[in-house]
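Notes to accompany the following structure.
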Amino acid sequence: MIVRFKKDGLVRGGSYSIEHGIVSGGEVIPLEDVELLTPCQPSKIICVGLNYVEHARELKMTLPEEPIIFLKPPTAALSPGGEIIYPPSSRQVDYEGELAVVIGKRGRNIPADEAEGHILGYTCFNDVTARDLQQRDTQWTRAKSFDTFAPFGPWIASIDPSGVDIETVQKSNTSDLIFGVPRLIEFISGIMTLQPGDVIATGTPPGVGQLHLGDLVEVEIEGIGVLENSVVAADRSS
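In the numbering used here, the protein residues as written are 4 to 241.
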């Protein structure tokens, strides 16, 4: 598993395993001795809406004929263990646990059958959303783009994404995806060039719910691990 972390004020990269902890530059470091960072630094975060069959049924919506996508800015990225800041302009902030794909090789117009060669790995993602603002606006940019509204991590893992369990309060499996990872990469790369480190969040399953101040929210994905973040009030002086 690929990991980025800070130790003694320095940002470093390495690999992580349960058996050995973090290995970086020949040094073995216990996980508890480091501050985990987002495992990559994306030039863009592409999110997919309405991409689970049961979620569409839950919302009583017709299944889309092609992926519905939107962007979160890189400034929304939040490290594992970081604090989700509840914006004062919102009265309803929701969690959306998702599987995310991390791009490893630059590409444009990538055929679905060549998508695997452009993937670095997979990670956990929380598409935090100010739901009341999303419903108020005619588009989703404001509701999805607040600083700290894109937690992901804790590392990048190599898994088969076709049938893994996802759990927060939500509980589902990626076998329920409408558009699988190869199709998403084909579709998105036909619109924009994908760069190494870019993150594609593949959509949330049914059971989205509300976050409250003081909550600790976890996104757990089989074969990857647990992304954990707390929810705090905004500091109006910052």
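Glycine included, every Cβ here is placed at the ideal spot set by N, Cα and C.
Cα-Cα separation between residue i and residue j, rounded to whole angstroms
| i | j | result |
| --- | --- | --- |
| G183 | I227 | 18 Å |
| K147 | L34 | 31 Å |
| P209 | M195 | 28 Å |
| V31 | R94 | 44 Å |
| V56 | G12 | 45 Å |
| G29 | R15 | 12 Å |
| Q142 | E22 | 45 Å |
| N176 | E61 | 15 Å |
| E68 | T205 | 16 Å |
| I49 | G17 | 25 Å |
| A160 | F149 | 27 Å |
| V211 | G120 | 32 Å |
| E170 | N112 | 32 Å |
| T78 | V202 | 13 Å |
| Q173 | T151 | 21 Å |
| V235 | I122 | 34 Å |
| L66 | Y98 | 22 Å |
| I88 | N54 | 26 Å |
| A153 | L81 | 6 Å |
| G193 | G107 | 17 Å |
| Q138 | T41 | 29 Å |
Nearest neighbour of residue i, chosen from the options [CA to CA]
| i | options | result |
| --- | --- | --- |
| P164 | E117, T144, V104 | V104 |
| P90 | V222, L214, L230 | L214 |
| S178 | T171, P185, V167 | V167 |
| S92 | E68, A133, S233, V235 | A133 |
| T207 | D130, V220, G217, P70 | D130 |
| M64 | I181, D201, I191 | I181 |
| E189 | H58, P70, A79, A59 | P70 |
| A237 | V220, K174, E86 | E86 |
| E101 | A79, Y125, S233 | Y125 |
| I191 | H58, I162, L74 | L74 |
| L216 | P154, V96, A80 | V96 |
Same chain, Cβ closer than 6 Å to residue i, neighbours up to 5 away in sequence not counted
| i | result |
| --- | --- |
| Y19 | M4, V6, I25, W158 |
| C127 | V222, I224, I227, L230 |
| P83 | L39, G156, P157, L230 |
| L136 | S93, R145, A146 |
| G52 | I71 |
| Q198 | S46, R109 |
| G200 | C43, Q44, P45 |
| I162 | Y125, G226 |
| H58 | P208, P209 |
Check: residue i C-beta below 7 Å from any heavy atom of the ligand PLP
| i | result |
| --- | --- |
| I106 | Although the ligand PLP was asked about, the structure shown includes no ligands whatsoever. |
Other residues of its chain near residue i: CB distance less than 7 Å, five sequence neighbours each side excluded
| i | result |
| --- | --- |
| R186 | A115 |
| V37 | F8, K9, K10, I25 |
| A118 | V184, P185, I188, E189 |
| P76 | S148 |
| L219 | E231, S233 |
| S27 | R15, G16, G17 |
Residues near residue i by beta carbon distance below 8 Å, same chain, minus five either side
| i | result |
| --- | --- |
| D140 | A146 |
Quick check on the DSSP output: what are the complete alpha helix (DSSP H) runs of length 4 or more inside the segment 112 to 195, in order along the chain? For secondary structure counted as the alpha helix (DSSP H) over 4 or more consecutive residues, the segment 112 to 195 holds these complete runs in sequence order: 134 to 139, 144 to 147, 184 to 192.
Inset, instruction - Counting only runs of 3+ residues fully inside the segment 63 to 95, write out the beta strand (DSSP E) ranges in chain order. - result: Complete beta strand (DSSP E) runs here, min 3: 71 to 75, 86 to 89.
Checklist entry - Taking the runs of the alpha helix (DSSP H) that are 4 residues or longer, which of them lie wholly in the segment 17 to 44? => result Listed in chain order, there is nothing to give.
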